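First residue of the sequence shown? That's 739 in the working numbering, and the numbers climb one at a time after it.
The beta carbon of each residue, even a glycine, is placed where N, CA and C say it ideally should be.
Note that the structure is predicted; figures quoted are calculated from it, not measured.
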Amino acid sequence: MLTSYDYSMAQIVDKSGIDAILVGDSASNVMAGWQTTLPITLDQMIYHGASVVRAVKRALVVIDLPFGSYQGNSKEALNSAIRTMKETGADAIKIEGGEEILDSVNRILSAGIPIMGHLGLTPQSIHKFGTYTVRAKEEAEAQKLIRDAHLLEEAGCFSIVLEKIPAALAARVASEVKIPIIGIGAGHDVDGQVLVLHDMLGITNEFTPRFLRHYAHLSEDISMAVENYVRDVKNVSFPNDKEQY
Ligand code: KIV
Numbered sequence: 739m740l741t742s743y744d745y746s747m748a749q750i751v752d753k754s755g756i757d758a759i760l761v762g763d764s765a766s767n768v769m770a771g772w773q774t775t776l777p778i779t780l781d782q783m784i785y786h787g788a789s790v791v792r793a794v795k796r797a798l799v800v801i802d803l804p805f806g807s808y809q810g811n812s813k814e815a816l817n818s819a820i821r822t823m824k825e826t827g828a829d830a831i832k833i834e835g836g837e838e839i840l841d842s843v844n845r846i847l848s849a850g851i852p853i854m855g856h857l858g859l860t861p862q863s864i865h866k867f868g869t870y871t872v873r874a875k876e877e878a879e880a881q882k883l884i885r886d887a888h889l890l891e892e893a894g895c896f897s898i899v900l901e902k903i904p905a906a907l908a909a910r911v912a913s914e915v916k917i918p919i920i921g922i923g924a925g926h927d928v929d930g931q932v933l934v935l936h937d938m939l940g941i942t943n944e945f946t947p948r949f950l951r952h953y954a955h956l957s958e959d960i961s962m963a964v965e966n967y968v969r970d971v972k973n974v975s976f977p978n979d980k981e982q983y
């Protein structure tokens, strides 16, 4: 699984054989330049989601419900999920949290909307955590995470993302629950992996957690292309005779 937020990138990612595309609220960071995922709105997520769905022919498309659109009460959560599904054509939604959002989970599922859960480092709660460091290293938090994973599975979620937790804990969750566990910074003993596309492509360079592997260095490639273009326009070698009418 990889994230995508727009038509052109989603088309490339889908054609390259990815199983699932997450329209993550990390769009708030990588597309809009906010420090956290909190500012992005439901309307903005729907815009990104619909752009991605228009591009995708084969991958499963999951869209994050943004901060403030599902935590307050389950009726609001259901409305947010229904709007997302209706206005984007996505296959499923993702929401962060366990027991504390169980009412919302149950109500959304009761409308026939598939849910991917998200536990561990849940960026929408950054102001509760205070840092983006590894979660659930302490026994009490690890036990709560295991309980929450079981609760989400029993409620009917089809999958869970585990973000930035000890690999041994992720492995335990993956062996205890039957639904697919998708890790990010959670080791290899899970059922699948997800990364933020702009991070793994090396478009964003300031974000360098240990779990991130760069599969390309696109910021350098793009810089080089722009520098070459500026140079060619300034020395009038672009456009040449064949590049005009
Ligand atoms: O918003 C996002 O991109 C995510 C992934 C990091 C799992 O939730």
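Asked	Found
CB of T774 within 8 Å of CB of I864, strictly	yes
Beta-carbon gap between V928 and I919 smaller than 8 Å	yes
Per-residue DSSP class, three states only, for S807	coil
Residue environment, T946, which counts as buried when at least 16 other CB atoms sit within 10 Å	exposed
Exposure of R796, with buried meaning 16 or more beta-carbon neighbours within 10 Å	exposed
Beta-carbon proximity check, V768 vs M854, cutoff 8 Å	no
Any non-hydrogen atom of the ligand KIV within 7 Å of T942 CB	no
In chain order, each alpha helix (DSSP H) run of at least 4 residues that lies wholly inside the segment 847–874	864–867
I831 CB to nearest heavy atom of the ligand KIV below 7 Å	no
beta-carbon V934 near the ligand KIV non-hydrogen atom, thresh 7 Å	yes
Cβ-based neighbour list, K832, same chain, cut-off 6 Å, excluding 5 preceding and 5 following	V800, D802, M854, H856
Rounded straight-line distance, which links the Cα of D763 to that of V934	10 Å
Range covered by the beta strand (DSSP E) that runs through V800	798–802
Per DSSP, cross-strand counterpart(s) of I839	DSSP, once it has assigned bridges, lists no residue as partnering I839.
Range covered by the alpha helix (DSSP H) that runs through V932	That residue, V932, is in no alpha helix (DSSP H); it is neither H nor E in DSSP.
Contact test: E892 Cβ vs the ligand KIV heavy atom, cutoff 7 Å	no
Distance CB(A878)-CB(L900) smaller than 8 Å	no
Where I960 sits in the DSSP three-state scheme	helix
Delimiting residues of the alpha helix (DSSP H) encompassing L780	780–793
At least three beta-carbon pairs within less than 8 Å, the segment 859–876 to the segment 815–827	no
G835 beta carbon near the ligand KIV (any heavy atom closer than 7 Å)	no
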